[in-house]
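In my numbering, the protein residues as written are 4 to 227.
Backbone N, C-alpha and C fix where the C-beta goes; we use that ideal spot for every residue, glycine too.
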Amino acid sequence: MLLQPLPSPFLPTPALSFFGAYLLGSVSFALLLTRIRGINLRKVGSGNLGATNAGRALGRGGAILVYLLDALKGFLPVWILLNLSVWEVQNGDSSTGPWKCASWAGFGAWCGHVWPIYHQFKGGKGVATLSGAFLALQPLAVLISGIALLVAAKLTRFMSIGSLAFGLALPVSLPLLSSEARLGGEQETVLFFGLVAGGLTFWTHRSNITRLLKGEENSMGKQS
């Protein structure tokens, strides 16, 4: 069901969507939950503020909870923007619209998770938040990319390889599903977000890639 219309002066814009979602994305649930347990996550494993590293301190259940909360950071702002009933193309100007603003919100949430303003711009690697954003934008792409992640991680025993498989499968699957997405003229923004975020997934995992090449990466179930 659509949300109640906002007054026209408060029509969302891509910039407002990005920065609002960035502030939400900057909240680190991994850090908050480990602090409740009296654990400094920065001193655990890689020090990364993501679900995988949180799992080293909180166990599998904690890792799953952090992943779901991080995914929610990406899903919530995107879903809200897509469901606002305020959208109208005025005077033929389609420079702003639900899919465009929602895509920028998803990117903002991802940037907030990776470079959180509240935590010295040192956060997680963004796979959970990215999956949450695209769960609202294009669920089938998340399903395909999620299967790629699980298969790659299962076969190699490296979660980092699974994450890289996700980052590769997402931008590849989006153009194939574009006819199903029904995004209209704003389709290009969604595809661009997927391409950029998928590529940046490799950048955020650059230390993992280095360790993989050196044979120093920890496999699943092994503490670092």
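- Judged by beta-carbon spacing, V145 lies within the 9 Å limit of S134, meaning their Cβ atoms are closer than that value.
- Taking a contact as a CB-CB distance under 8 Å, the pair L194 and F169 does not count as one, their CB atoms being some 17 Å apart.
- In the DSSP assignment, I150 falls within the unbroken alpha helix (DSSP H) covering P142 to T159.
- Taking all protein chains in view, the Cβ of F124 is surrounded by fewer than 16 other Cβ atoms within 10 Å, so the residue is classified as exposed.
- DSSP places Q190 in the uninterrupted alpha helix (DSSP H) bounded by Q190 to T207.
- In the structure shown, L52 falls within a coil segment according to DSSP collapsed to helix, strand and coil.
- Counting the other Cβ atoms within 10 Å of the Cβ of V154 gives fewer than 16, which makes it exposed.
- Shown here, L171 sits in a helix according to DSSP, grouped into three states.
- Following the DSSP letters along the chain, one finds G28 inside the alpha helix (DSSP H) bounded by residues P17 to G28.
- Pairwise C-beta distances place the segment 16-34 in contact with the segment 63-83, as three or more of them are shorter than 8 Å.
- Residue burial is scored here from C-beta neighbours: K157 has fewer than 16 other C-beta atoms within 10 angstroms and is therefore classed as exposed.
- Around the C-beta of K217, fewer than 16 other C-beta atoms lie within 10 Å, and the residue is accordingly described as exposed.
- Residue nearest to P178 within the set T159, F196 and G165 is F196 (criterion: CA-CA distance).
- One alpha carbon belongs to G64, the other to G58, and they sit about 8 Å apart.
- When rounded, the separation of the alpha-carbon atoms in R38 and Y70 is 17 Å.
- Annotated as distal: H116 and S222, with beta-carbon spacing of 9 Å or more.
- DSSP places L87 in the strand class (E or B) of the three-state scheme.
- P101: member of the alpha helix (DSSP H) spanning P101 to V117, first to last residue.
- Relative to G41, the option among L61, A172 and T213 whose CA is nearest is L61.
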